[in-house]
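Novice: Okay, handing you the structure first.
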Amino acid sequence: MSQNTLFDKVWELHKVANLPGGTDQIFIGLHLIHEVTSPQAFGALKDKNLKVKFPSRTVATVDHIVPTDNQSRPFQDNLAEQMIDTLEKNCFDNKIKFFNIGSGKQGIVHVVAPELGLTQPGMTIACGDSHTSTHGAFGSIAFGIGTSQVRDILASQTIAMNKLKVRQIWCENKLSNGTYAKDLVLHIINYLGVKAGVGYAYEFAGPAISALSMEERMTICNMSIEGGARCGYINPDEKTFSYIKGKLCSPPNKNWDKAIKWWESLQSDENSIYDDVVKIDAAKVEPTVTWGITPGQSIGVNQKIPTLEEIDPNDQFIAGEAYEYMGFKPGQPIKDIPIDVCFIGSCTNGRISDLRVAAQVLKNHKIAKHIKAFVVPGSERVAKEAKEEGLDKVFMNAGFQWREPGCSMCLAMNSDKLIGNQVSASSSNRNFKGRQGSPNGRTLLMSPAMVAVAAIKGKVTDVRDFLRK
Amino acid sequence: MNNQFKPPSGGFSKINGKCISLIGDDIDTDRIIPARFLKCINFDSLGQFVFDDDRKALKGDHPFDLDDNKDASILIVNCNFGCGSSREHAPQALMRWGIKAIIGESFADIFYSNCIAIGIPCFTLSKKSITIIQKHLENKDLFFEIDLFKSTASSRDLKFNLEIKKTSRKMFLSGEWDTTSKLIENNDLIEKKLNDLPYIKFNSSI
Ligand code: SF4
Chain A
646 MSQNTLFDKV WELHKVANLP GGTDQIFIGL HLIHEVTSPQ AFGALKDKNL
696 KVKFPSRTVA TVDHIVPTDN QSRPFQDNLA EQMIDTLEKN CFDNKIKFFN
746 IGSGKQGIVH VVAPELGLTQ PGMTIACGDS HTSTHGAFGS IAFGIGTSQV
796 RDILASQTIA MNKLKVRQIW CENKLSNGTY AKDLVLHIIN YLGVKAGVGY
846 AYEFAGPAIS ALSMEERMTI CNMSIEGGAR CGYINPDEKT FSYIKGKLCS
896 PPNKNWDKAI KWWESLQSDE NSIYDDVVKI DAAKVEPTVT WGITPGQSIG
946 VNQKIPTLEE IDPNDQFIAG EAYEYMGFKP GQPIKDIPID VCFIGSCTNG
996 RISDLRVAAQ VLKNHKIAKH IKAFVVPGSE RVAKEAKEEG LDKVFMNAGF
1046 QWREPGCSMC LAMNSDKLIG NQVSASSSNR NFKGRQGSPN GRTLLMSPAM
1096 VAVAAIKGKV TDVRDFLRK
Chain B
749 MNNQFKPPSG GFSKINGKCI SLIGDDIDTD RIIPARFLKC INFDSLGQFV
799 FDDDRKALKG DHPFDLDDNK DASILIVNCN FGCGSSREHA PQALMRWGIK
849 AIIGESFADI FYSNCIAIGI PCFTLSKKSI TIIQKHLENK DLFFEIDLFK
899 STASSRDLKF NLEIKKTSRK MFLSGEWDTT SKLIENNDLI EKKLNDLPYI
949 KFNSSI
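Right, here's the structure in full:
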């Protein structure tokens, strides 16, 4: 049983009661909702004749279904229109703050909350979306929930949950040039496997993590769930505090010192006890690319797709499925695999720093003729900042389409989809079968820089070779 | 597929049903219900679309399409079932298709708690036992009686001791898996908690 970690402290602080069944009743400090997983929860609340308990502790935005080309209302897609309409109505009726399209604050829920200063250390944060783990980058305990739990939070601001175990993932050394947070987290998931995190919260720590910017830390925590961990977090430090300072919803100046003092008191103690500790050498991480149908099936860009004999017996079944679905041969190098579509965006890598890195690579280059490429900023604010820096021009000059903010082709609930068995180089987080909208579409996950260079070359390329020239 | 869908309610201790096996590790919720079916404001129509892409790819040979499995209600799976997206649409689609309980080697966290929250108990068994069941199902039907009191699944010739989290087992026996009413009972404690949390005080209201 873990002791004195940030997770333990925040959990204890938010515990309302021990429920008779043996679970804990946990208070949720910030509840985020979006259009896909909330309508049924509001419906259930109505059926039970209940009201929203603390409307001011819930914040809404719209992201999954928004079209990223033409956003004028009503949306062309009737069902999408019905969903945004339902969310608008539910928020209005229940006095919930809603950051709608055009407010300047809309975007992917996990991009928006941190940039508004809503996400803070020591909070419990829940959202009907598995990538809620992103917010753990600030030292909050944040996790995805289902619609029934959304209902419970609306009704009571609490949920029933079993406490998680804590695994510390200690990352030694530093990432080398041309490798990014995305490569590190793909490497960790590959090393531990996609199920290792079940029942755990992941604490990411060590010099390699301290060296990361807040946005890079969000990329790491975002993908905890791809390693099976419902929750991932990083102890807050100076970088965390200065990122939060001055944001719309952060503590006002007069309370700032009090806030910092409290945040600092939540850090994992030096002698805290973990259920498990794992060490990773960040210096050994290479630009990493997935070759299969789970985020754990990845290799360094200069490696070959593993043969069945090279794979742990427990993972051979899914590897066999991946060979068949992807159509790549065991033993084949991942480098030079031809790409059809390039996608930069998502709650993993759709922030301003991601766009900057990709634009840096694309500057004065054109994408390969056969490539369809587009960039979808993570939020209206990211889009605005990017435009102010002229990044939109860099992307468009290179041949990318510049789109409006949303989830877009990360899960293809709007009209951005792969066609047939196209191969996409994608900065998002899931390469599941059919994830990007075509039942036989194929996704290769990689960092935004690697997506950019794949767009230029039309095939999987080592961004370090490209940068060196 | 079950046309007269009735959601479970209250406590229960026994589930009787025919087994259906779905072989494979890491079957994610995008596969259970692809994203295009999430464009809905209720769960009612999801049952027919469960595993839509996988079923289309297998052209009628998917376990969820076989005549033999039409009335099945106990799903047998392998490792890390339900990983990926938190969409409750996934267990809702399974439930509306007719699934009442799932037995597997292991489950993803969010999927597991979604199942509990809507009244589908998930049990685990060793790889060896799951393989025995799946082998059996290759050429024979299998009807289980699941007993939540004893945590067992038994048929005429097979019997297994199932594992389930103690807390989940209690919830099904008592009916408390339907959590909302239990949670709001602690209204006073909830209000006190709100007033005690430092960040509620030092932040301006949203
Ligand atoms: S960007 Fe993708 S992973 Fe993130 S919230 Fe949207 S759909 Fe989910």
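As they're listed, the protein sequences go chains A and B. Per the working numbering, residue 646 is the first one in the first sequence, and the count goes up by one each step. Per the working numbering, residue 749 is the first one in the second sequence, and the count goes up by one each step. A virtual CB, placed ideally from N, CA and C, is assigned to each residue, including glycine. In this text the structure is predicted, and so the values were computed from the model without any measurement.
1. Measuring alpha carbon to alpha carbon, tell me which of A:765, A:705, A:771 and A:1101 ends up nearest residue 745 of chain A.
2. Mind checking the region 1056-1071 of chain A against chain B and listing, in chain order, the residues whose C-beta falls within less than 8 Å of any C-beta there?
3. If you measure from the CB of residue 834 of chain B, is any heavy atom of the ligand SF4 nearer than 7 Å?
4. Would you tell me roughly how many angstroms separate the C-alpha atoms of residue 939 of chain B and residue 765 of chain B, rounded to the nearest one?
5. What are the residues of the region 809-833 of chain B that lie near chain A, defined by any Cβ-Cβ distance shorter than 9 Å?
6. In this structure, how does DSSP classify residue 813 of chain A when only helix, strand and coil are distinguished?
7. How about residue 1115 of chain A and residue 1074 of chain A: do their beta carbons lie closer than 8 Å?
8. DSSP puts residue 921 of chain A in a beta bridge; with which residues?
9. Using three-state DSSP, classify residue 750 of chain B as helix, strand or coil.
10. Step through the CB atoms of chain A and report whether any lies within less than 8 Å of the CB of residue 791 of chain B.
11. Is residue 718 of chain A helix, strand or coil when you go by DSSP?
12. Can you find the residues in the same chain that come closer than 7 Å, C-beta to C-beta, to residue 758 of chain B, ignoring five residues on each side of it along the sequence?
13. Mind listing which residues of the region 751-770 of chain A have their C-beta closer than 8 Å to chain B's C-betas, in chain order?
14. Using 8 Å as the Cβ pair cut-off and three pairs as the minimum, do the region 880-895 of chain B and the region 813-825 of chain B touch?
15. Taking residue 1028 of chain A as the reference, give the member of A:1006, A:1056, A:1057 and A:989 with the closest Cα.
16. Using the Cα positions of residue 845 of chain A and residue 747 of chain A, report the straight-line distance between them to the nearest angstrom.
17. Residue 885 of chain A: which of A:764, A:865, A:1099 and A:818 sits nearest, CA to CA?
18. Which same chain residues, not among the five before or five after residue 889 of chain B, have their C-beta less than 6 Å away from its C-beta?
19. Mind checking the region 885-918 of chain A against chain B and listing, in chain order, the residues whose C-beta falls within less than 7 Å of any C-beta there?
20. So, for residue 918 of chain B: in the same chain, excluding its five sequence neighbours on each side, which residues have a beta-carbon less than 8 Å away from its beta-carbon?
21. Checking contacts by CB at 8 Å: is residue 783 of chain A closer than that to chain B?
22. Nearest-angstrom Cα distance between residue 794 of chain A and residue 1038 of chain A?
23. Note down, in chain order, each residue of its chain lying with its Cβ closer than 7 Å to the Cβ of residue 942 of chain B, except the 5 sequence neighbours on either side.
24. Using a Cβ cut-off of 7 Å, pull out every chain B residue sitting near residue 796 of chain A, in sequence order please.
25. What does residue 728 of chain A touch in chain B if you count any residue whose Cβ is under 7 Å from its own?
26. For residue 872 of chain B and residue 771 of chain B, what's the separation of their Cα atoms in angstroms?
27. Can you tell me whether DSSP reads residue 827 of chain B as helix, strand or coil?
28. Verify whether the separation of the beta carbon atoms of residue 832 of chain B and residue 777 of chain B is less than 8 Å.
29. When Cβ atoms are compared, which residues of the region 850-862 of chain A fall closer than 7 Å to chain B?
30. Counting only beta-carbon separations shorter than 8 Å, does residue 750 of chain B have a partner in chain A?
31. Can you name, in chain order, every residue of its own chain whose Cβ lies under 6 Å from the Cβ of residue 777 of chain A, other than the five neighbours on each side?
32. Using a Cβ cut-off of 8 Å (strictly closer), state whether residue 983 of chain B contacts chain A.
33. Hey, could you find the ends of the alpha helix (DSSP H) residue 863 of chain B is sitting in?
34. Residue 833 of chain A CB to nearest chain B CB: under 8 Å?
35. Are the Cβ atoms of residue 907 of chain A and residue 767 of chain A separated by less than 8 Å?
36. Could you compute how far the alpha carbon of residue 756 of chain A sits from the alpha carbon of residue 879 of chain A?
Specialist: Quick answer:
1. Indexing the first sequence from 1 puts residue 745 of chain A at position 100. Of the listed residues, the one whose Cα sits closest to residue 745 of chain A is A:705.
2. 1056, 1057 and 1058
3. As a first step, residue 834 of chain B is located in the second sequence; it is residue number 86 there, counting from the start. Because no heavy atom of the ligand SF4 lies under 7 Å away, the Cβ of residue 834 of chain B does not count as near it: no.
4. Walking along the second sequence from the start, residue 939 of chain B turns up at place 191. Walking along the second sequence from the start, residue 765 of chain B turns up at place 17. Residue 939 of chain B and residue 765 of chain B: Cα-Cα distance of roughly 44 Å.
5. For the region 809-833 of chain B, which is checked against every Cβ of chain A, the residues closer than 9 Å are 826, 827, 828, 831, 832 and 833.
6. For the purposes of this step, residue 813 of chain A is taken as residue 168 along the first sequence, with counting starting at 1. Three-state result, residue 813 of chain A: strand.
7. The question about residue 1115 of chain A has no answer here: the residues shown for chain A are numbered 646 through 1114.
8. Here residue 921 of chain A refers to the residue found at position 276 when the first sequence is read from its first residue. Residue 921 of chain A pairs with A:812.
9. Mapped onto the second sequence, residue 750 of chain B falls at position 2. Note that residue 750 of chain B has pLDDT 49, beneath the 50 cutoff, so the model's placement of it is unreliable and the number below is only indicative. Note: residue 750 of chain B maps to coil in three-state DSSP.
10. Residue mapping note: residue 791 of chain B aligns to position 43 of the second sequence, counting from 1. Yes - at least one Cβ of chain A is within 8 Å of the one on residue 791 of chain B.
11. Taking the first sequence and counting its residues from 1, the one referred to as residue 718 of chain A is at position 73. In the structure shown, the three-state DSSP call for residue 718 of chain A is coil.
12. Here residue 758 of chain B is taken as the residue at index 10 of the second sequence, counted from 1. Around residue 758 of chain B: 923.
13. 763, 765, 767 and 768
14. The region 880-895 of chain B is in contact with the region 813-825 of chain B.
15. As a first step, residue 1028 of chain A is located in the first sequence; it is residue number 383 there, counting from the start. Checked all of A:1006, A:1056, A:1057 and A:989; the closest Cα to residue 1028 of chain A is A:989.
16. As a working mapping, residue 845 of chain A is identified with position 200 in the first sequence. As a working mapping, residue 747 of chain A is identified with position 102 in the first sequence. Approximately 38 Å between the Cα atoms of the pair.
17. Indexing the first sequence from 1 puts residue 885 of chain A at position 240. It is A:764.
18. Counted from its first residue, the second sequence places residue 889 of chain B at position 141. Cβ neighbours of residue 889 of chain B beyond the five flanking positions: none.
19. Taking 7 Å as the Cβ-Cβ cut-off against chain B, the residues of the region 885-918 of chain A that qualify are 894, 896, 897, 900, 903, 904 and 907.
20. Numbered from its first residue, the second sequence carries residue 918 of chain B at position 170. Only 924 meet the Cβ criterion.
21. Position 138 of the first sequence, counted from the first residue, corresponds to residue 783 of chain A. Cβ-Cβ to chain B under 8 Å: no for residue 783 of chain A.
22. Walking along the first sequence from the start, residue 794 of chain A turns up at place 149. Walking along the first sequence from the start, residue 1038 of chain A turns up at place 393. Roughly 43 Å separates the two Cα atoms.
23. The residue given as residue 942 of chain B occupies position 194 in the second sequence. Taken in chain order, the residues that qualify are 948.
24. In the first sequence, the residue the question calls residue 796 of chain A occupies position 151. In chain order: 928.
25. In the first sequence, the residue the question calls residue 728 of chain A occupies position 83. Within chain B, the residues near residue 728 of chain A are 787 and 789.
26. For the purposes of this step, residue 872 of chain B is taken as residue 124 along the second sequence, with counting starting at 1. For the purposes of this step, residue 771 of chain B is taken as residue 23 along the second sequence, with counting starting at 1. Their backbone Cα atoms lie some 15 Å apart in a straight line.
27. Indexing the second sequence from 1 puts residue 827 of chain B at position 79. Residue 827 of chain B falls in the coil class under three-state DSSP.
28. Counted from its first residue, the second sequence places residue 832 of chain B at position 84. Counted from its first residue, the second sequence places residue 777 of chain B at position 29. In this structure, residue 832 of chain B places its C-beta atom within 8 Å of the C-beta atom of residue 777 of chain B.
29. Against chain B - using a Cβ distance shorter than 7 Å - the region 850-862 of chain A contributes no residues.
30. Taking the second sequence and counting its residues from 1, one reaches residue 750 of chain B at position 2. Because residue 750 of chain B carries a pLDDT of 49, less than 50, the predicted location of this residue cannot be relied on, and the following value inherits that uncertainty. With 8 Å as the cut-off, residue 750 of chain B does not count as an interface residue toward chain A.
31. The residue you call residue 777 of chain A lines up with position 132 of the first sequence. If we look at residue 777 of chain A and ignore the five residues flanking it on each side, its Cβ neighbours are 787, 788 and 789.
32. In the structure as shown, chain B starts at 749 and stops at 954, and residue 983 of chain B therefore has no counterpart that could be examined.
33. Within the second sequence, numbered from 1, the residue matching residue 863 of chain B stands at position 115. Run containing residue 863 of chain B: 857-866, per the alpha helix (DSSP H) assignment.
34. Here residue 833 of chain A corresponds to residue number 188 of the first sequence, with the count starting at 1. No, because no Cβ of chain B sits closer than 8 Å to the Cβ of residue 833 of chain A.
35. Locating residue 907 of chain A in the first sequence gives position 262, counting from the first residue. Locating residue 767 of chain A in the first sequence gives position 122, counting from the first residue. Yes, these two residues count as a Cβ contact at 8 Å.
36. For the purposes of this step, residue 756 of chain A is taken as residue 111 along the first sequence, with counting starting at 1. For the purposes of this step, residue 879 of chain A is taken as residue 234 along the first sequence, with counting starting at 1. Roughly 17 Å separates the two Cα atoms.
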